[in-house]
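Read through the structure below, which is laid out as structure tokens, and then see the notes.
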Amino acid sequence: MANVSVSYQDLEAKAREFRNHQTEIEGQLTTLKGKVDQLVSGGFVTDAASGQFQASYDELKRGLSSALEGLDGLATYLEKAAETFRNVDDELARALR
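The sequence shown begins at 69 in this note's numbering and counts up by one.
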């Protein structure tokens, strides 16, 4: 038989932390995009390599942004888990009244 120990507050706090980190990382990616754009428009300008460098960063950013959506999914899961456990606990308590 499985044992259960759940802190609703911990689950909800971690969900908020995941979303905060997601927002922070997205901001850093945007900052880096600006630096790449600045670089290829002035400090690293070539016929082919600089454009490919920029395209490579854009591809990296798309992949990372997609992966970051996973953090939101995990946060949502934690919130739903906290809500579900809280509801089950309440229902079990009501059944004994």
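A virtual CB, placed ideally from N, CA and C, is assigned to each residue, including glycine.
Nearest candidate by alpha-carbon position, reference residue i, set the options
i    : options                : result
G102 : D78, Y125, A161, A163  : Y125
V104 : T114, S118, T91        : S118
S73  : A161, D157, F121, T114 : D157
Residue i (DSSP reduced to helix, strand or coil)
i    : result
L164 : coil
Q116 : According to the sequence as given, residue 116 is Ala; it is not Gln. If DSSP states are grouped into helix, strand and coil, A116 belongs with coil.
N155 : helix
A70  : coil
S75  : coil
Supposed contact pair residue j and residue i - C-beta distance, whole angstroms, cut 8 Å
i    : j    : result
E94  : E147 : Not a contact, Cβ separation roughly 20 Å.
E135 : R87  : According to the sequence provided, residue 135 is Ala. The question's Glu does not apply to it. Not confirmed; about 15 Å, so no contact.
Exercise. At a cut of 8 Å, does the segment 95-110 reach the segment 147-159 through at least three beta carbon pairs?
Worked result: no
Problem set entry | the segment 86-106 touching the segment 120-140, judged by at least three CB pairs closer than 8 Å | yes
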